[in-house]
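I have placed the structure first, in the form of structure tokens, so that the comments after it can refer back to it.
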Amino acid sequence: MVLMVIGYLSYLLMGAAIFQALEEQSERKVKREMVDQKRMFLENHSCLSEEAMRNFLQMMMKAQQNGVNLLEMESLNQTNWDFSGSFFFVGTVITTIGYGYLAPRTAGGQIFCVLFAMFGIPLNLIVLSRVGKRLSSCTERLDKLLYKQGIEKKLVKFVTMVFFLMMGIFLFLAIPPLVFHSIEGWSYREGVYYAFITLSTIGFGDYVVGVKSGKPYYRFLVALWILFGMAWLAFLFNLLTNFYTDTEKKITKVHQKRKAAKAVKDIGNGTPPVSPISEETVALEMNCSTQQTMVLLSEQDSMVPSM
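Residue numbers (UniProt numbering): 1 to 307.
Set out below in structure tokens:
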């Protein structure tokens, strides 16, 4: 347990240090460019006060937070809350992805979102569990097929896991970025990044599909991809969890063997091993000592002649 906690904290500290090294200077650069652009804009448009510009930017930011893409807005009739957009949104709710680019703003919408998520999240977990069992049954069938070929049991497990891993990577992480590149205009790297961030339910919201595609069926297909992809990734995470747990058990076992070997070596050198004393043992010894003292005192009192 101690080793696991130390490893966990070390992993977090390492990640924080790496992200700071990779991202801090980039953010500072963007801020400097923003300040320079703002100064140049005000110099070129002296009739506009800084306060008026701040109000305009705040209005733009509020529109962006409400899911309005100002650069791609061609008509006031376009909305993110058509049926396909709403279907995609409820999918992000029950899967707990929560991109954040689109959220209910009305009181009725927010209340319904809470109720919908309360019952939808458990339902989604059940569906993912069933899909995961189906995937697991597929691996078992492959195991049996390989067993019949006379392949060794350990090798069968390894081949099955590698096949399952490669098929999942191909279907859920390698092919979809090509579609995103064609429809969304993202690079392949950005597509892979979006695919993993989505299927792992991290959902930063920096990349969201279907915002400017204008293809209703596209979001439906993405929702199905998310469902099956999450089930596959959950199964993969379960395998990694088992690997970490088994590794911890092996390390603990090796540590215990070393302690036992050291104890045997100490006995061979004539040094008795020091066994740990539990709190119960100490309390029992103190209780026995107290009882012995009481007996001795009573015996002394009986030996004293009464006056």
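Cβ coordinates follow ideal geometry from the N, Cα and C atoms, glycine included.
Note that the coordinates shown come from a computational prediction; the quantities given were computed from them, not determined experimentally.
Buried or exposed (CB count within 10 angstroms, at least 16 for buried), residue i
i: F19; result: exposed
i: F89; result: buried
i: R219; result: buried
i: M230; result: buried
i: Y147; result: exposed
i: V35; result: exposed
i: E184; result: buried
i: F164; result: buried
i: I226; result: buried
i: I97; result: buried
i: residue 309; result: Nothing about residue 309 can be read from this structure; the chain reaches only from 1 to 307.
Local conformation of residue i per DSSP, three classes
i: K215; result: coil
i: L22; result: helix
i: L13; result: helix
i: Y8; result: helix
i: L297; result: With a pLDDT of only 43 at L297, under 50, the local geometry of the prediction cannot be trusted, and no value is derived from it.
i: F204; result: coil
i: E248; result: helix
i: N66; result: coil
i: I169; result: helix
i: I97; result: coil
Between the CA atoms of residue j and residue i - distance to the nearest angstrom
i: T281; j: I6; result: Note that T281 has pLDDT 49, beneath the 50 cutoff, so the model's placement of it is unreliable and no number is given.
i: Y207; j: M4; result: 34 Å
i: L123; j: S187; result: 34 Å
i: G168; j: I197; result: 15 Å
i: S26; j: A16; result: 16 Å
i: Y101; j: E248; result: 40 Å
i: K62; j: T201; result: 25 Å
i: V2; j: C113; result: 40 Å
i: R141; j: V131; result: 16 Å
i: P180; j: L199; result: Before going further, note that residue 180 is Phe rather than Pro in the sequence given. Near 15 Å, if we compare the C-alpha coordinates of L199 and F180.
i: I126; j: T79; result: 32 Å
i: G109; j: M118; result: 14 Å
Run of the alpha helix (DSSP H) containing residue i, from where it starts to where it stops
i: H181; result: P176 to I183
i: I94; result: F83 to I94
i: P122; result: A107 to K148
i: T198; result: Y188 to L199
i: residue 313; result: Residue 313 is absent from the structure shown; the chain starts at 1 and stops at 307.
Neighbour flag for residue i against chain C, beta carbons, 8 Å
i: T139; result: Absent here is chain C; the protein component of the structure consists of one chain.
Inter-stretch contact at 8 Å, needing at least 3 Cβ pairs: the region 127-137 / the region 147-159:
Segment contact: the region 127-137 against the region 147-159, fewer than three CB-CB distances shorter than 8 Å; contact not assigned.
Three-pair Cβ contact test at 8 Å for the region 221-239 versus the region 163-177
yes
With contact counted as at least three CB pairs below 8 Å, one residue from each stretch, are the region 221-230 and the region 89-104 in contact?
yes
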